[in-house]
Every structure is written in C-alpha cells, then in structure tokens.
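Report on the following structure.
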Amino acid sequence: MCTLEKRGNLFLLTLTGDNEHRFNPDAIATILSLLAQAKSQAKRGSVLITTGHGKFFSNGFDLAWAQASGSLTGAAERLHQMVESFKPVVAALLDLPMPTIAALNGHAAAAGLMLALSHDYVFMRKDRGVLYMSEVDIGLSMPDYFAAMVRSKIGTSAARREVLLSGKKIRGEEAVALGIVDSAAHDSAEGVVEATVGLAEKLAAKKWNGDVYASIRKSLYPELCEILGLKATIFATPKL
Amino acid sequence: MCTLEKRGRLFLLKLTGDGEHRLNPTLLDNIRSAITQIRSDPSSSQSVLITTSDGKFFSNGYDLALAASDPPLRAVMAAKLQSLVADLISLPMPTIAAVTGHASAAGFLLAMSHDYILMRRDRGFLYMSELDIELVLPAWFMSMIRMKVVSPAAKRDVALTAEKITADRGLEMGIVDSSHGSAGETVEAAVKLGEEIVRRGADGHVYGRMRETLLREVLHAIGSNESASNGVRNSGSKL
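Note that the protein sequences, when read in sequence, are chains W and V.
Residue numbers 1 to 240, in the numbering used here, belong to the letters of the first sequence in order.
Residue numbers 1 to 239, in the numbering used here, belong to the letters of the second sequence in order.
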C-alpha cells in the first residue's frame, strides 16, 4: 500500500495501487513506520518526495471501514481512532529532518489534503486532480489539527473560506492562485514528479543540517506544533 | 559607528563606514543611545525615524566572530538587540528602514523592526541566513517573521529556503514596501515618505501604542526571552 525508495539523496514515498489510498489504521501505521525509516537514514542533503499511483493522491480516512463496525457509536469510535492515529503522521512530517515535497498525482481530499499540506512544498497537476475538504458536504466536523493546518499553510481569509466552507473542488490553477500549492504547471503525474525531483535536487545541493531545518520548520507553525505536542528546540553552533 | 541627523521633523539614523555593520555590543549600544536621544527630543511625537547605512551592507547580522572568540558575548548581543527592537516597537513615531545594502539575519530582523521597508533594487538582498550557517532561528525572530511576512509560502521561503531576496522579490512577497533605482534614490524616497507622514499629523504616542498592540506577540516573545540584567524595556508612552 505504501513504499519507501531511496534514489541518491531522495527518499520517495509512494502510495501504491490504483485505488483511493484511504487511510485506515494499517495504512497509517505503514506510513508512520516508513517515515521513521526515512528519519533514521536522514543525512545532509536528504529530501523527501511523497506521491501516489493512479487517480488519487488520497481520498482521506477510510469511512467505509468506520461504517463496517455495524453501529453508529462503533463508526464514530473508528473515525475518532483514525483521526487520533493520523496526528503522529502529520507530526512526523513536521519533525522530519529534511525538506519535504508533495507531488500530487491526483485528487487530495480531507485527510489526503492534510497529508499534502504537511509537506514544505506542494506541486499538483494542471490538467487533473482536485483539492477538496469534504467535511462540510458529508457532515463531519473538523479535527483541531486539520483547522490549525489550514490556518498555518493557507494565508488569506478568502482562501481558507474556499477550502473549509465552500465544499469546492479546487483545481490546479485555482489552487496556485489561492496560495494553497506552489505549482500546477504540469499536465501529467510524471511531469509533476519530474518537477519535484528538480526542486529536490536544488534543495539537496544546499546540504543543510536536517535537525536545524526541522527546528526552523516547527518554529514557523507554533500553533500546529502545540496541538501535535511537538517541541522546537535544539542546540546548534553556527558555521562562520 | 552610527550618526543621528535631524532634518526638519525627520530623524536620520545612519550606520556609518564601509564595513558590514555587524551588530556587536558597541554598535548596539550606540544605536540605542541614538534612540534615547530621539525620544528625549521635544518634537518627537510629531516626527519620523529613517534608518539607513553607508556602503554595501545595511547590516550583516550579529558579530559571530566576536561571539566565537568570547562566547558570553553572544547572549549580550542577543539581549541588546532584543532591547533595541522592543524600543523600536514602542517608539512614538513611524519608522522607515531605507535598505541600501545587504541585510542578513539579525540585520534583516532590524530592517523588519521598522514600519516601512524601502529598498534599492539594483543591488543587495534580504537574507535569513540562519539555515545556511546552521543556526536555529530564535523564537522571537520567528515571531517577527510571522508578523511581517504574511503568506505561508513567503514565510517558508524566508526561513526554510534561506532565499536571498532582492527588492523586487521582496515587493512580491509583501516584505518590501517600495523599490528604488539606487541607494540615493532609496533614501530620497524615504525622506519623501517621512515628510508625507509628518504632514498627516498623527500623534506619535498614539501611533507607538497602536504598534505595540499590533506587534504584541513579538514583544511577548522578547519579554519571555529577556535575561534579568537587560530586562527593562522603555515603553516611552506618556499616556
């Protein structure tokens, strides 16, 4: 369901299979362990790119699994379990001692969009794929860390409203205009991945100290880090 | 190290000489005493401060070489800069940074501590160098960055890409207010802007208090960082 590949300096995390890449407890646990692996192998110049196969980057939590519990309270509990267990995934990405890039091959909805936004840079396709916070349409309230992520990564009131309150399926060009993604210039999944590899190589060439990078990243998003229980201090000596 | 000139209602603070204007304890003390002088001027509640510099640099940040040779000075410089920035935030007059050279790290922070940044577009850049020199940005620096650099992508580009930001790129990012063809033109534009502001006739003390409220988060971050010996910040308000 998910693989981690190493190509020189780059870690490539791929959500595999031609399906919706829904996050159920197994998928979440797999992603967490692959991120831990990337973290343990991190060195100067490492960069992470996360992408997927098929039409979806990810369509969010596995609501079918939640409903399969057979009761309303069972479903609510399973959903709550997924919401809580996904928090460490977001935290792991914010904590990762290397720059991170999401290369969206397709649709990113709800928790899938949160996964994307947990990265430092987000690239999506121009021709296909939408960003969609479905909660308002399916009648779910917003977990606190989702809202904090939107507040941290999406800058204007208008853009935040479009994302959280309009139920809009936002395509590439609009996502760039709203400041949600960094680029929507390519007409294929391969094009997007290639572009992210180009950016990754530029960032890798800086040979940054990963712990310093992660610390500075966390200090950009204090509210989100507080909700996730992430601390942002390390001791470092400067290169003069 | 720095000179203070008065032109009508404008105070011109200049970091002098052709060097990097590194923020060592002496320069920081000089700047602070210039600010104290400004505050004690009777016309100060109807004035404007313009900060600029000679040469290739606005300021290249803390004197890291000095800190390496005498480690306790690191904390001294940090404390003095925090005091200075708190002073600038509470200053009862609008402030303009006429950036005519490179402003890096603490030097970039000093520029951001002003209400307006005017910058030359032919040379020079703003640069949060910390990531490149393996320093973590102090929380209070980050607080200023969050207040002054608003879009998430721009914040990321400042702190996590360690971008060398030219005036026109700074305009795009919303960090720089206007860009000009040369050092001379930048200072001239700052003087013109200063005179326009003075003409509007706002009360400096009210202005200063409003700015303190606007940048409350930064003052709070500074306050929770200050060492006991350098703890007093001059709020300067008459109200």
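Glycine residues also receive a C-beta, built at the ideal position from the N, C-alpha and C atoms.
Q: Over the uninterrupted alpha helix (DSSP H) stretch that includes W/Leu93, give me the two end residues.
A: As a working mapping, residue 93 of chain W is identified with position 93 in the first sequence. It spans 72-95 - the alpha helix (DSSP H) in which W/Leu93 sits, taken as one unbroken run.
Over the uninterrupted beta strand (DSSP E) stretch that includes V/Ser143, give me the two end residues. The residue given as residue 143 of chain V occupies position 143 in the second sequence. Where V/Ser143 is concerned, there is no enclosing beta strand (DSSP E), although the alpha helix (DSSP H) it sits in stretches over 139-148.
- Between which two residues does the alpha helix (DSSP H) carrying W/Val176 extend? Walking along the first sequence from the start, residue 176 of chain W turns up at place 176. Its alpha helix (DSSP H) spans residues 172-177.
Note to self: Considering Cα atoms alone, identify which of W/Leu117, W/Leu15, W/His21 is closest to W/Leu63.
What the structure shows: On the first sequence, position 63 is the one that residue 63 of chain W refers to. It is W/His21.
Q: Check whether the Cβ of V/Leu215 lies closer than 9 Å to any Cβ atom in chain W.
A: Locating residue 215 of chain V in the second sequence gives position 215, counting from the first residue. Using beta-carbon distances, V/Leu215 does not count as an interface residue toward chain W, since no partner is under 9 Å.
| said: On the DSSP letters alone, give me the boundaries of the beta strand (DSSP E) that V/Asn179 sits inside. | reply: Locating residue 179 of chain V in the second sequence gives position 179, where the first residue counts as 1. Per the sequence shown, residue 179 of chain V should be read as Ser rather than Asn. In the DSSP annotation of this structure, the continuous segment of the beta strand (DSSP E) that includes V/Ser179 starts and ends at 178-180.
Short Cβ contact (9 Å threshold) for V/Arg120 with V/Glu172: Counted from its first residue, the second sequence places residue 120 of chain V at position 120. Counted from its first residue, the second sequence places residue 172 of chain V at position 172. It is not a contact, given that the beta carbons lie outside the stated cut-off.
Quiz item: What do you get for V/Arg199, buried or exposed, if any count of 16 or more other CB atoms within 10 angstroms of its CB means buried?
Solution: Position 199 of the second sequence holds residue 199 of chain V. V/Arg199 should be labelled exposed.
Scan the stretch 159-226 of chain V and note each continuous beta strand (DSSP E) run of 3 residues or more that stays entirely inside, going in chain order. Residue ranges of uninterrupted beta strand (DSSP E) with 3 or more members, entirely inside the stretch 159-226 of chain V and ordered along the chain, are 178-180.
Report task. Taking only beta-carbon positions, decide if V/Lys192 is within less than 9 Å of chain W. Result -> Here residue 192 of chain V corresponds to residue number 192 of the second sequence, with the count starting at 1. With 9 Å as the cut-off, V/Lys192 does not count as an interface residue toward chain W.
>> For W/Glu5, report the span of its alpha helix (DSSP H) as first-last.
In response: Here residue 5 of chain W refers to the residue found at position 5 when the first sequence is read from its first residue. Run containing W/Glu5: none in the alpha helix (DSSP H); it sits in the beta strand (DSSP E), 2-7.
For this session: Have a look at the DSSP bridge pairing and note the partners of V/Arg7.
Result: As a first step, residue 7 of chain V must be located in the second sequence, where it is residue number 7. Beta bridge pairing from DSSP links V/Arg7 with V/Leu10.
Legend entry - Pairwise C-alpha distance: W/Trp208 and V/Pro215: Working through the second sequence from its first residue, we reach residue 215 of chain V at position 215. Working through the first sequence from its first residue, we reach residue 208 of chain W at position 208. Per the sequence shown, residue 215 of chain V should be read as Leu rather than Pro. Using only the alpha carbons, I get a separation of about 31 Å.
Residues that V/Met144 contacts on chain W, provided the C-beta gap is smaller than 7 Å = Mapped onto the second sequence, residue 144 of chain V falls at position 144. V/Met144 does not reach chain W, its nearest Cβ partner there being about 12 Å away, counting only Cβ pairs nearer than 7 Å.
Boundaries of the alpha helix (DSSP H) in which W/Ile28 is found, first to last residue
Indexing the first sequence from 1 puts residue 28 of chain W at position 28. Element bounds for W/Ile28: 25-40.
Check your understanding: Identify the residues that DSSP records as bridge partners of W/Leu52: which are they?
Key -> Position 52 of the first sequence, counting from 1, holds the residue named residue 52 of chain W. Per the sequence shown, the amino acid found at residue 52 of chain W is Gly instead of Leu. DSSP output for W/Gly52 lists W/Leu15 as bridge partner(s).
Taking a contact to mean a Cβ-Cβ separation below 9 Å, would you say W/Ile101 touches W/Leu34 in this structure?
For this step, residue 101 of chain W is matched to residue 101 along the first sequence. For this step, residue 34 of chain W is matched to residue 34 along the first sequence. Result no, Cβ atoms of W/Ile101 and W/Leu34 do not sit closer than 9 Å.
**Message:** Starting from V/Ser59, trace the alpha helix (DSSP H) in both directions and tell me its first and last residue.
**Reply:** Here residue 59 of chain V corresponds to residue number 59 of the second sequence, with the count starting at 1. Run containing V/Ser59: none in the alpha helix (DSSP H); it sits in the beta strand (DSSP E), 57-59.
TODO: Consult DSSP for V/Met119 and reduce its assignment to one of helix, strand or coil.
DONE: Along the second sequence, read from residue 1 onward, the residue named residue 119 of chain V stands at position 119. The answer is strand: DSSP assigns V/Met119 an E or B state.
Using beta-carbon positions only, say whether W/Ala184 and W/Glu194 come within less than 9 Å of one another.
Start at 1 with the first residue of the first sequence, and residue 184 of chain W comes out as number 184. Start at 1 with the first residue of the first sequence, and residue 194 of chain W comes out as number 194. Not in contact: W/Ala184 and W/Glu194 (Cβ atoms no closer than 9 Å).
Just verifying my parser: in three-state terms, what is the DSSP assignment at W/Gly229?
Looking up residue 229 of chain W in the first sequence gives position 229. DSSP, read as helix, strand or coil, puts W/Gly229 in coil.
Within 10 Å of its beta-carbon, does W/Cys2 have 16 or more other beta-carbons around it, so buried, or fewer, so exposed?
If you number the first sequence from 1, residue 2 of chain W lands on position 2. A buried status is given to W/Cys2, since no fewer than 16 other beta-carbon atoms sit within 10 Å of its beta-carbon.
Selection of the stretch 124-135 of chain W by Cβ proximity to chain V, strictly under 7 Å: For the stretch 124-135 of chain W, which is checked against every Cβ of chain V, not one residue is closer than 7 Å.
Quick one: measure Cβ to Cβ for V/Ser178 and V/Ala189, integer angstroms, because I've assumed they're closer than 8 Å.
What you label residue 178 of chain V is simply residue 178 of the second sequence in a count that begins at 1. What you label residue 189 of chain V is simply residue 189 of the second sequence in a count that begins at 1. Cβ-Cβ separation between V/Ser178 and V/Ala189: approximately 6 Å, consistent with a contact (criterion under 8 Å).
Review point. Under the DSSP definition of a beta bridge, which residues are partnered with W/Thr100?
Key: One-based indexing of the first sequence puts residue 100 of chain W at position 100. Answer is W/Leu48.
If we call anything under 9 Å between Cβ atoms a contact, is W/Ser134 one with W/Gly52? On the first sequence, position 134 is the one that residue 134 of chain W refers to. On the first sequence, position 52 is the one that residue 52 of chain W refers to. Taking a C-beta distance under 9 Å as the contact criterion, W/Ser134 and W/Gly52 do not qualify as a contact pair.
| message | Quick check on the burial criterion: 16 or more other C-beta atoms within 10 angstroms. Buried or exposed for W/Asp95? | response | Position 95 of the first sequence, counted from the start, is the residue given in the question as residue 95 of chain W. W/Asp95 is buried by the Cβ-count criterion.
Q) Within 9 Å (strictly less), CB to CB, does V/Leu137 reach chain A? A) No chain A appears in this structure, whose protein chains are W and V.
* Asked: Say the cut is 8 Å; is the CB of W/Leu113 nearer than that to a heavy atom of the ligand MG?
  -> The ligand MG is not part of this structure, which contains no ligands at all.
- [ ] Starting from V/Pro72, find everything on chain W with Cβ-Cβ shorter than 7 Å and list it in chain order.
- [x] Mapped onto the second sequence, residue 72 of chain V falls at position 72. At a beta-carbon threshold of 7 Å, none of the residues of chain W lie near V/Pro72; the nearest stands roughly 15 Å away.
Chain W beta carbons: is any one of them nearer than 9 Å to that of V/His220?
By 1-based counting over the second sequence, the position of residue 220 of chain V is 220. So no, V/His220 is outside the interface.
Where do the ends of the alpha helix (DSSP H) carrying V/Ser33 lie? Position 33 of the second sequence, counted from the start, is the residue given in the question as residue 33 of chain V. For V/Ser33, the enclosing alpha helix (DSSP H) has its first and last residue at 25-40.
Requested in this report: Compute the distance between the beta-carbons of V/Leu13 and V/Thr3, then report whether it is under 9 Å.
Outcome: Translated into the one-based positions of the second sequence, residue 13 of chain V becomes position 13. Translated into the one-based positions of the second sequence, residue 3 of chain V becomes position 3. Closer than 9 Å, so yes.
### Task
With 7 Å as the C-beta to C-beta threshold (strictly closer), list the residues of the stretch 154-181 of chain V near chain W in chain order.
When CB distances to chain W are screened at a threshold of 7 Å, the residues of the stretch 154-181 of chain V falling below it are Lys155, Arg156, Ala159, Leu160, in chain order.
Which value, in whole angstroms, describes the spacing of the CA atoms of W/Ala159 and V/Asp70? Position 159 of the first sequence, counted from the start, is the residue given in the question as residue 159 of chain W. Position 70 of the second sequence, counted from the start, is the residue given in the question as residue 70 of chain V. Answer to the nearest angstrom: the Cα atoms are 49 Å apart.
On the three-pair Cβ rule with 8 Å, is the stretch 45-65 of chain V touching the stretch 85-104 of chain V? Taking a cut-off of 8 Å for Cβ pairs, the stretch 45-65 of chain V and the stretch 85-104 of chain V touch, as three or more such pairs fall below it.
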